[in-house]
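What follows is a set of notes on a single structure, which appears directly below.
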Amino acid sequence: MNKILSSGIALLAAGVLSTSAAQAETLRLLTWGGYAPENVVELFEKETGHTVEVTKSNNEEMVAKLRATNGGGFDLAQPSQDRIAGAQAEFDIYKPLDLSKIDASQFIPSMLEATKGNTMIDGEVYGVPHVWGTSGLVVNTAMAGQVKDYTDLCDPSVAGKVSYRLKRPTLIGFAFSMGLDPFAAYNDEAAYQDILDKVEAKLIDCKSNVKTYWGGGDEIKNLLRSGEVVAAMAWDTGGWSLNADNADITFVAPTSGALGWIDTFAMPKRGRADEAAYAWINFVMQPEIAAMITTAAGNFTASQGGDAGVDDALKARYQASFPQEAIDNIKWYPTVPANLETLEGAVLDRVNAAK
Amino acid sequence: MTQAQSRLGLYLLMAPLMLWLLLLIIIPHIGMFLVSISVKTGVRQYVTGFGNYMVFFTEPLYWNTFARTAFMSIAATFLTLLIGFPVAYYIAKLTRGRTKTTLFLMCLIPFWVSELVRTFGWMILLRETGIFSSFLQYIGVHSGPVEFLYNDAAIMIGLVYTSMLFMVVPLVTTLDSLDDSLIEAGYDLGGNGISILREIIIPHAMPGIVSGCIVVFMLSLGNYLTPILLGGKDSLWFTGLIYSQFITRFNWELGSAFGFLLLGLSSTIVWVGLKLSRQSLTDTVGR
Numbered sequence: 001m002n003k004i005l006s007s008g009i010a011l012l013a014a015g016v017l018s019t020s021a022a023q024a025e026t027l028r029l030l031t032w033g034g035y036a037p038e039n040v041v042e043l044f045e046k047e048t049g050h051t052v053e054v055t056k057s058n059n060e061e062m063v064a065k066l067r068a069t070n071g072g073g074f075d076l077a078q079p080s081q082d083r084i085a086g087a088q089a090e091f092d093i094y095k096p097l098d099l100s101k102i103d104a105s106q107f108i109p110s111m112l113e114a115t116k117g118n119t120m121i122d123g124e125v126y127g128v129p130h131v132w133g134t135s136g137l138v139v140n141t142a143m144a145g146q147v148k149d150y151t152d153l154c155d156p157s158v159a160g161k162v163s164y165r166l167k168r169p170t171l172i173g174f175a176f177s178m179g180l181d182p183f184a185a186y187n188d189e190a191a192y193q194d195i196l197d198k199v200e201a202k203l204i205d206c207k208s209n210v211k212t213y214w215g216g217g218d219e220i221k222n223l224l225r226s227g228e229v230v231a232a233m234a235w236d237t238g239g240w241s242l243n244a245d246n247a248d249i250t251f252v253a254p255t256s257g258a259l260g261w262i263d264t265f266a267m268p269k270r271g272r273a274d275e276a277a278y279a280w281i282n283f284v285m286q287p288e289i290a291a292m293i294t295t296a297a298g299n300f301t302a303s304q305g306g307d308a309g310v311d312d313a314l315k316a317r318y319q320a321s322f323p324q325e326a327i328d329n330i331k332w333y334p335t336v337p338a339n340l341e342t343l344e345g346a347v348l349d350r351v352n353a354a355k
Numbered sequence: 001m002t003q004a005q006s007r008l009g010l011y012l013l014m015a016p017l018m019l020w021l022l023l024l025i026i027i028p029h030i031g032m033f034l035v036s037i038s039v040k041t042g043v044r045q046y047v048t049g050f051g052n053y054m055v056f057f058t059e060p061l062y063w064n065t066f067a068r069t070a071f072m073s074i075a076a077t078f079l080t081l082l083i084g085f086p087v088a089y090y091i092a093k094l095t096r097g098r099t100k101t102t103l104f105l106m107c108l109i110p111f112w113v114s115e116l117v118r119t120f121g122w123m124i125l126l127r128e129t130g131i132f133s134s135f136l137q138y139i140g141v142h143s144g145p146v147e148f149l150y151n152d153a154a155i156m157i158g159l160v161y162t163s164m165l166f167m168v169v170p171l172v173t174t175l176d177s178l179d180d181s182l183i184e185a186g187y188d189l190g191g192n193g194i195s196i197l198r199e200i201i202i203p204h205a206m207p208g209i210v211s212g213c214i215v216v217f218m219l220s221l222g223n224y225l226t227p228i229l230l231g232g233k234d235s236l237w238f239t240g241l242i243y244s245q246f247i248t249r250f251n252w253e254l255g256s257a258f259g260f261l262l263l264g265l266s267s268t269i270v271w272v273g274l275k276l277s278r279q280s281l282t283d284t285v286g287r
């Protein structure tokens, strides 16, 4: 009797041990700076028992990293919604999400549906939205108040005091500013090449105006803060954080429309800690946690009610940059077809090489 | 038995080197080569061929970038030699004991911080709101701010500074081995400074010069940070091109092909340099 009891207890203990071992996972998160602030990670680890390892990255590096390992090494990644379907078709690095494990009621419905649609391949959803924001112009209004649109960066009045990135948002932004619609030509390679040719000529023409092509967020902030650059293409958060130090510098939504992006949650194909990954998604989408992330990253989230707890200074800056018509004019990135980035790469190389 | 034992010992001693070569150099290179000869024809479709290598020769942009990188690296090597030689000569011949060690150490100290930090140091000095620009305005030479950064001269400064040590060290070693009495004899026989430099010092230091030049040339050619950070919008550098193919264009096939072309072309340039200076690898680097 005693023996049976003790073996029963041993079995029970083994069961408890094994389930707790299965529960406590290490979540390897591949994300952007500010999306997993330390206070949020701490709360999550305390509540769920999982541990979180954060790797900060950007869209291109995420694809390169996951491609190198065939979708391994990370359990949750946060690429932009337009960069999932193309990368998935090309390199097969993500796995479909199990939507039943995600609490959809925590998301802003329109944003959730849009992202699901954009990341859907063969009826399977590969991404749900997390943080959204825009890129446009960051302008020192005291020195370059006349800059209202991307092409104004090529104006002689700001010669040598302008900066932008040599990346695809620059091509897209200039195309819109020149009255073209690159998104409409996404699925027509010849038409898209035609647009790219025009943008290439403009960017080469504009090169003498550029001080330097910036690479990282801190680099452009330094250039703007020191006054060496007075107008730049950059993210809204960069403009708002500079605005806190210098009231003259702020984010301006270009007249041709700011470019809107949504960073998502996507699961790498060979990720192991799926439970922890779903737990993280549901955890950070809670309104109060989402507000903490907005405070750290400067961008708003797709969490329903998540903007309520955000501090008023950030809200004021957001409203100053985005009157209602500017919000309506945001150009949201549609899914990038697989082959377009090769065409764009060649254009960027030629602009870089031009004198 | 003893022979077998000594052979086993030899293998064991060689094992780390062989593993290093095999795992970190040979196998990755084979992998890279296989990637470089697969040409993309569509989504997830590849055929084997040398199309990626042809891109380099048919697209003038890539070819020009390589030529520019090679030319600037050669220029940087000569500049480093011009500046490094007097420094090395002074350290090797004109100082003794403690001073010598101190001077040598001073050449070494900048290398105690990483290359990134050194490059940022130059950015602080050269930028428009930087120290040089402010100083020129302060003493009244120039009225407005001056931009020194983001041009080829800035790249050159960075490259020379980064590779100075690798020129000075081999030069000091070879100049150290030159007997002072040979120089004295040169003067006794009626030579002047220039003829002694030409007839005695440079021929003796030639192996050091060549090995220093090879190392500096390869370091400059393969440098990534300095040209990108200091060069700004004109920072076209071949390694930067490889980086952008791999990371921002997702085009590993072309990037790998570029990697092999860089390896082949830079080896060719070194080989030509050795032929022109009538030196061999065993005499210079292998000493």
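Residue numbers (full-length UniProt numbering), protein chains in the order written: chain Y, 1 to 355; chain B, 1 to 287.
For glycine and all other residues, C-beta sits at the position ideal for the given N, C-alpha and C.
If you're wondering where the values come from, they're calculated on a predicted model, not measured in any experiment.
- Message: Going residue by residue through the stretch 185 to 248 of chain Y, where are the continuous beta strand (DSSP E) segments of at least 3 residues, counting only ones entirely within it?
- Response: 210 to 213 and 231 to 235
- the stretch 70 to 83 of chain Y contacting the stretch 268 to 282 of chain Y, beta-carbon criterion three pairs below 8 Å: yes
- Item | valine 177/B burial status per 10 Å Cβ neighbour count (16 or more: buried) | Counting from one through the second sequence, the residue named residue 177/B turns up at place 177. At residue 177/B the sequence reads serine, which differs from the valine that was named. Looking at its Cβ environment, which holds fewer than 16 other Cβ atoms inside 10 Å, serine 177/B is exposed.
- Task: Specify, as a first and last residue, the run of the alpha helix (DSSP H) that tyrosine 90/B falls within.
- Result: Taking the second sequence and counting its residues from 1, the one referred to as residue 90/B is at position 90. Segment: none, tyrosine 90/B is in no alpha helix (DSSP H) and carries neither H nor E.
- Message: Per the DSSP calculation, aspartate 176/B is bridged to which residue(s)?
- Response: The count along the second sequence starts at 1 and reaches residue 176/B at position 176. The partner list for aspartate 176/B (beta bridge, DSSP) is empty, contrary to what the question assumes.
- Candidates Val40/Y, Glu38/Y, Trp32/Y and Gln78/Y, of which the one nearest lysine 56/Y by Cα: Position 56 of the first sequence, counted from the first residue, corresponds to residue 56/Y. Out of Val40/Y, Glu38/Y, Trp32/Y and Gln78/Y, Trp32/Y has the C-alpha closest to the C-alpha of lysine 56/Y.
- Please go through the stretch 39 to 105 of chain B and give each complete beta strand (DSSP E) segment of 3 or more residues, from N-terminal end onward. 45 to 48
- Task: Answer yes or no: do serine 321/Y and alanine 253/Y have a C-beta to C-beta separation smaller than 7 Å?
- Result: The residue labelled residue 321/Y in the question sits at position 321 within the first sequence. The residue labelled residue 253/Y in the question sits at position 253 within the first sequence. Yes, Cβ-Cβ distance for serine 321/Y and alanine 253/Y is below 7 Å.
- Message: Once the 5 residues before and after tryptophan 63/B are set aside, which same chain residues still bring their CB inside 8 Å of it?
- Response: Indexing the second sequence from 1 puts residue 63/B at position 63. So the list reads Phe56 and Phe57, once near-sequence residues are dropped.
- Using a threshold of 7 Å, state whether the C-beta atoms of leucine 165/B and alanine 76/B are closer than that. Walking along the second sequence from the start, residue 165/B turns up at place 165. Walking along the second sequence from the start, residue 76/B turns up at place 76. No.
- Taking the C-alpha atoms as reference points, what is the distance between tyrosine 35/Y and cysteine 213/B? Translated into the one-based positions of the first sequence, residue 35/Y becomes position 35. Translated into the one-based positions of the second sequence, residue 213/B becomes position 213. Approximately 47 Å, taken between the alpha carbons.
- Query: Any C-beta of chain Y sitting closer than 7 Å to the C-beta of glycine 255/B?
  - Reply: Taking the second sequence and counting its residues from 1, one reaches residue 255/B at position 255. Not closer than 7 Å to any Cβ of chain Y, the Cβ of glycine 255/B fails to qualify, so no.
- Nearest to leucine 197/B by alpha carbon, out of Gly208/B, Ile183/B, Asp188/B and Gly190/B? Taking the first residue of the second sequence as 1, we reach residue 197/B at position 197. For leucine 197/B, the nearest C-alpha among the options comes from Ile183/B.
- Query: Pairing CB atoms from the stretch 241 to 257 of chain B with CB atoms from the stretch 28 to 47 of chain B, are three or more of them under 8 Å?
  - Reply: yes
- Item | Distance, threonine 268/B Cα to isoleucine 74/B Cα | As a position in the second sequence, residue 74/B is number 74, starting the count at 1. As a position in the second sequence, residue 268/B is number 268, starting the count at 1. Whole-angstrom Cα-Cα distance: 13 Å.
- Go to valine 52/Y, then tell me how far its beta strand (DSSP E) extends in each direction, as first and last residue. For the purposes of this step, residue 52/Y is taken as residue 52 along the first sequence, with counting starting at 1. First-last of the beta strand (DSSP E) with valine 52/Y: 51 to 56.
- Can you name the start and end residues of the beta strand (DSSP E) that isoleucine 262/Y belongs to? Position 262 of the first sequence, counted from the first residue, corresponds to residue 262/Y. Looking at the DSSP string, the run of the beta strand (DSSP E) that includes isoleucine 262/Y is 259 to 265.
- To the nearest angstrom, report how far apart threonine 134/Y and glycine 260/Y are at their CA atoms. Taking the first sequence and counting its residues from 1, one reaches residue 134/Y at position 134. Taking the first sequence and counting its residues from 1, one reaches residue 260/Y at position 260. Straight-line Cα distance between these residues: approximately 4 Å.
- Determine the direct distance from the alpha carbon of isoleucine 91/B to that of arginine 98/B, and round the result to whole angstroms. Against the second sequence, residue 98/B aligns to sequence position 98. Against the second sequence, residue 91/B aligns to sequence position 91. Taking the straight line from one Cα to the other gives about 11 Å.
- Message: Out of Val172/B, Gly51/B, Trp271/B and Asn151/B, which one is the CA nearest neighbour of glycine 84/B?
- Response: Residue 84/B sits at position 84 when you count from the first residue of the second sequence. Comparing Cα positions, the closest option is Val172/B.
- Proximity of proline 334/Y and phenylalanine 91/Y at Cβ, strictly below 7 Å: In the first sequence, counting from the first residue as 1, residue 334/Y sits at position 334. In the first sequence, counting from the first residue as 1, residue 91/Y sits at position 91. Not closer than 7 Å, so no.
- Query: Helix, strand or coil for threonine 282/B per DSSP?
  - Reply: Stepping through the second sequence from its first residue, residue 282/B is reached at position 282. The answer is coil: DSSP assigns threonine 282/B none of H, G, I, E or B.
- Touch check for the stretch 118 to 125 of chain Y and the stretch 176 to 190 of chain Y: three-plus C-beta pairs under 8 Å? no
- Query: Which value, in whole angstroms, describes the spacing of the CA atoms of proline 16/B and leucine 24/B?
  - Reply: Stepping through the second sequence from its first residue, residue 16/B is reached at position 16. Stepping through the second sequence from its first residue, residue 24/B is reached at position 24. Each residue's Cα considered, the two are about 11 Å apart.
- Using 6 Å as the cut-off, classify the Cβ of glycine 9/B as near or not near the heavy atoms of the ligand NAP, replying yes or no. With respect to the ligand NAP, the structure shown offers nothing to examine, as it has no ligands at all.
- Nearest-angstrom Cα separation, counted from aspartate 245/Y out to asparagine 118/Y: The residue given as residue 118/Y occupies position 118 in the first sequence. The residue given as residue 245/Y occupies position 245 in the first sequence. If I take the Cα positions, the gap works out to 37 Å.
- Identity of the residues DSSP links to isoleucine 121/Y by a beta bridge: Indexing the first sequence from 1 puts residue 121/Y at position 121. Paired residues: Glu124/Y.
- Residues sharing a beta bridge with valine 162/Y, DSSP: Position 162 of the first sequence, counted from the start, is the residue given in the question as residue 162/Y. DSSP, once it has assigned bridges, lists Val210/Y and Ala231/Y as partnering valine 162/Y.
- Query: Run through DSSP, which three-state label would glycine 133/Y get?
  - Reply: Locating residue 133/Y in the first sequence gives position 133, where the first residue counts as 1. It is a strand residue.
- For threonine 129/B, decide whether its Cβ has a neighbour in chain Y, counting only Cβ atoms nearer than 7 Å. In the second sequence, the residue the question calls residue 129/B occupies position 129. Yes - at least one Cβ of chain Y is within 7 Å of the one on threonine 129/B.
- Using a Cβ cut-off of 7 Å (strictly closer), state whether residue 302/B contacts chain Y. Here chain B covers residues 1 to 287 and nothing more, so residue 302/B does not appear.
- Task: Evaluate contact between the stretch 214 to 232 of chain B and the stretch 143 to 163 of chain B, counting only Cβ atoms and requiring at least three cross-stretch pairs below 8 Å.
- Result: yes
- Give the residues of chain B in contact with glutamate 124/Y, contact being defined as C-beta atoms less than 9 Å apart. Mapped onto the first sequence, residue 124/Y falls at position 124. Within chain B, no residue comes near glutamate 124/Y; the closest Cβ sits about 17 Å away, beyond 9 Å.
- Item | Spatial neighbours of glutamate 53/Y in its chain, beta-carbon cut-off 8 Å, leaving aside the 5 residues before and after | For the purposes of this step, residue 53/Y is taken as residue 53 along the first sequence, with counting starting at 1. Around glutamate 53/Y: Thr26, Leu27, Arg28 and Leu29.
- Is there contact between the stretch 198 to 212 of chain B and the stretch 269 to 286 of chain B, where contact requires at least three CB pairs shorter than 8 Å? yes
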